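Protein chains in written order, with the working numbering: chain A, 1 to 315; chain B, 1001 to 1531. By construction, the Cβ of each residue, glycine as well, lies at the ideal position given by its N, Cα and C atoms. All of these numbers come straight from a predicted model, not from anything done at the bench.
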């Protein structure tokens, strides 16, 4: 097990190095000089040069890459070109919205998907299965921004239970913040829950046909006991994979929902930074997201090994 | 009281009749053998007794276990019955255990389900003693092992241990040794026999293998198409059989095809000092690389026109050797020559050699692409021709290959799922035959087939070898088949050839102790009675 964890950790480190090189190189090739962009169309060449020096853009790419990486390692992400504030602060604020949002959405999605998937699988072919799977089909098909607007219409405009958007800030108390994140989290969770429920169902259906399920029944376990004690854990591997992918997606991919609900999250930050050629912010946010994705994959790999002894103790 | 009393049981699944008017009975301490080919309903009879039938099943008649009426019992009463009064051992030990649960918990679960008040350590102790009884001692087989750390035979012992954990009165064994090697099979059968004696259980032993059943059972029932065609006492001889199907079945299982021996001595394929290694994962990050020697310094010839057998247990290296001959396995040392040309997978094997060597695999279900029609499946080897055939020549070749294996030319337009196991194996042979190879490698090619189908395929192989001068390398763990169709035989153990010689000599006077053990393990009822 330890060996497995160490190997995964080494591969995690290597992935991070490769990712940082790719991100840095890509941003280098993108046309558009941040200094020229900041100073506008009529700027003089020498003023641009001064600003470039001030921003540290005149150093060689290699120096800038190492400066960027060592900075990140010590928690210094540089200073935004546009806002002249430390990038780490900007990211910190936004992360405190995006991370809880992703976690709540993921929690909701899992809470909905598990019982639904299990119900459909254990009654495979029945009316319940058909109806439930029909709904998940719908859940996958409906775009989440449209569903978000629908919810705003019903719960904010008509019922006035929630505000239509914005975020009060964590100083306003936990309840106010959770309330502001509820509708966005539901709109994010619903399509994810539909996908996850379908994966759960098909993984479980495959497991129910396995020979060891017959052995379990022959021991005297009831159908329910056999599913609970034997099938669920065996069906977990594909489900864990999807949960891992969904978390990464929710963290970075909430940009449309953030826009619908006017939430200052990471998605909107990166969108603004790109349009303003605030490359240092773009680099740092992308790197952070890559880090999050790789970390989640690492966690998923470790969970695989915890679930499956064949990975932990190969024969 | 009769332990198991099955009266006029019929079974339909989704309206399709599976069992018709089955009546059987079994006394305590006795062994009832049920023989039948695939689809005869023998497994469904077992599942009816435990009421573990698929959805849509409708059973009529009466099944009594010690007077307890199974068919009218509610599900919770059946759950109390299963694993407690009646247990079952399944055919496929590789998949019968939960891969994520250690063996101790899997056995202990059987105890906890029926006696929920049992403290955990007591349940584990009882699991331990049940495993001990199944000859899995604590020092080598701790409770914390997982199924993937055990061999097939050991897993079957775990399945038996969990079946007998609560000392049931009735044990059903559904093809318990079909997936196992002969020596393992002999051990598992001896274990079952011992447990039956010790616990005075009744054992219902289901098998397609007549030798296994006749060796073990006190009474025998022969099934065909969901019906029992004949009930027999155990010590039968061939002349006692009344029903024509029983006679056909017994005759087929000891069938020896009429063959003409080739008298050529020139080698077609020669293997010299062959070594094949597999790399194993390193034990530690910086430790030395480890390897497993699958084939260890093997040398032999296959003569033109002969049929050579290669026998050995699973894991002895016979599949690796076969792969090496086909040029799809890395050779660590040694040389293989095919008619003077060297086979070496370092450079691509020339299509000319490939064309002259074809292979037929064991599994007639898994070795075809289900989305292609038979014409495409059969004509696949044509890509080995340097100049492509014309369409009409191709059509002609497909039709004649199908005729050669006893199918109709029109069958080429069908898909593979429209054929039975035996027909599929004929198609596999047609696919091998279509480019007129010199050598056909048959890798357990008859192991998945019923005895009567196997007899037909053996006949076909004998016929084809005569008409096309084919050379066969017959890789199998089934000694009776190898004995019936090969001229010479190689016995392989742990990567080495331990004995070789004329088939009749090796079987009648084995020299190596392993060969003797192998031959002694194979149940041999038939040689004595059908000849």
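Between the CA atoms of residue j and residue i - distance to the nearest angstrom
i               : j               : result
residue 206(A)  : residue 1056(B) : 19 Å
residue 1308(B) : residue 1461(B) : 13 Å
residue 1127(B) : residue 1111(B) : 8 Å
residue 188(A)  : residue 144(A)  : 6 Å
residue 1145(B) : residue 88(A)   : 49 Å
residue 1208(B) : residue 1202(B) : 20 Å
residue 1292(B) : residue 1280(B) : 7 Å
residue 4(A)    : residue 1093(B) : 28 Å
residue 1222(B) : residue 1503(B) : 32 Å
residue 262(A)  : residue 252(A)  : 16 Å
residue 49(A)   : residue 154(A)  : 54 Å
residue 1015(B) : residue 249(A)  : 49 Å
residue 1527(B) : residue 1253(B) : Model confidence at residue 1527(B) stands at a pLDDT of 45, short of 50, so the residue's coordinates are unreliable; what they give is reported in the following sentence. Taking the straight line from one Cα to the other gives about 10 Å.
residue 1260(B) : residue 1436(B) : 19 Å
residue 1457(B) : residue 1470(B) : 15 Å
residue 243(A)  : residue 142(A)  : 20 Å
residue 1107(B) : residue 1425(B) : 39 Å
residue 11(A)   : residue 105(A)  : 29 Å
residue 1025(B) : residue 1219(B) : 10 Å
residue 199(A)  : residue 126(A)  : 18 Å
Buried/exposed call for residue i, threshold 16 Cβ in 10 Å
i               : result
residue 68(A)   : buried
residue 1383(B) : exposed
residue 29(A)   : exposed
residue 1157(B) : buried
residue 81(A)   : buried
residue 1212(B) : buried
residue 1008(B) : exposed
residue 1393(B) : exposed
residue 1413(B) : exposed
residue 227(A)  : buried
residue 1454(B) : buried
residue 1(A)    : exposed
residue 1230(B) : buried
residue 1567(B) : Residue 1567(B) cannot be examined here, being either before or after the span of chain B that is shown, 1001 to 1531.
residue 1205(B) : buried
Beta-bridge partners of residue i, as assigned by DSSP
i               : result
residue 1222(B) : 1035(B) and 1230(B)
residue 1311(B) : 1476(B) and 1491(B)
residue 1512(B) : Bridge partners of residue 1512(B): none, in fact.
residue 1535(B) : Only positions 1001 to 1531 of chain B appear in the structure, and residue 1535(B) is not among them; the question remains open.
residue 1278(B) : 1292(B)
residue 1267(B) : 1303(B)
residue 1342(B) : 1337(B)
residue 86(A)   : 79(A)
residue 1026(B) : 1004(B)
residue 1500(B) : 1490(B)
The ligand GDP heavy atom lying under 8 Å from the CB of residue i
i               : result
residue 1319(B) : This structure lacks the ligand GDP, and indeed carries no ligand of any kind.
Using a Cβ-Cβ cut-off of less than 9 Å, give me the residues of the region 196 to 224 of chain A that come near chain B, in sequence order. 210, 211, 212, 213, 214, 215, 216, 217, 218, 219, 220, 221, 222 and 223
Compile a chain-ordered list of the residues in the region 281 to 308 of chain A whose CB is closer than 7 Å to at least one CB of chain B. 307 and 308
Using Cβ-Cβ distances below 8 Å, what residues of the region 227 to 247 of chain A are close to chain B? 229, 230, 233 and 234
Extract the residue ranges of the alpha helix (DSSP H) inside the region 127 to 210 of chain A, only unbroken runs of 4 or more that lie entirely within it. 127 to 141, 144 to 151 and 174 to 208
Could you give the uninterrupted runs of the beta strand (DSSP E) lying entirely in the region 1141 to 1187 of chain B, keeping only those of 3 residues or more? 1170 to 1174
Counting only Cβ-Cβ distances shorter than 7 Å, please list the residues of the region 1134 to 1154 of chain B near chain A, keeping chain order. Those would be 1146, 1148 and 1149, in chain order.
According to a CB-to-CB cut-off of less than 9 Å, which residues of the region 1102 to 1131 of chain B neighbour chain A? 1102, 1106, 1109, 1110, 1113 and 1114
Quick one: which residues of the region 1064 to 1093 of chain B get their C-beta closer than 8 Å to a C-beta of chain A? List them in chain order. 1075, 1076, 1079, 1080, 1081, 1082, 1083, 1084, 1087, 1088, 1090 and 1092
Alpha helix (DSSP H) runs contained entirely in the region 1086 to 1114 of chain B, provided each spans 4 or more residues: 1103 to 1114
Residues in the region 1163 to 1178 of chain B with C-beta within 7 Å of chain A's C-beta atoms, listed in sequence order? Within the region 1163 to 1178 of chain B, no residue has a Cβ that lies closer than 7 Å to any Cβ of chain A.
What are the residues in the region 1050 to 1064 of chain B lying within 9 Å of chain A by C-beta distance? Using a CB distance below 9 Å, the part of the region 1050 to 1064 of chain B facing chain A consists of 1050, 1052 and 1055, ordered along the chain.
Would you list, in chain order, the members of the region 1402 to 1416 of chain B that have their beta-carbon closer than 9 Å to a beta-carbon of chain A? none
Output needed in chain order: residues of the region 123 to 145 of chain A with a Cβ under 7 Å from some Cβ in chain B. none
Scan the region 1248 to 1261 of chain B for residues whose Cβ lies nearer than 7 Å to a Cβ of chain A and list them as they occur along the chain. none
Residues in the region 1343 to 1369 of chain B having any Cβ partner in chain A nearer than 8 Å: None of the residues of the region 1343 to 1369 of chain B has a beta carbon lying less than 8 Å from any beta carbon of chain A.
Inside the region 1343 to 1428 of chain B only - beta strand (DSSP E) runs reaching at least 3 residues: 1357 to 1360
Closer than 8 Å, Cβ to Cβ, to anything on chain A: give me those residues from the region 1288 to 1319 of chain B, in chain order. none
Chain-ordered residues of the region 1189 to 1215 of chain B with a beta carbon less than 9 Å from chain A: none
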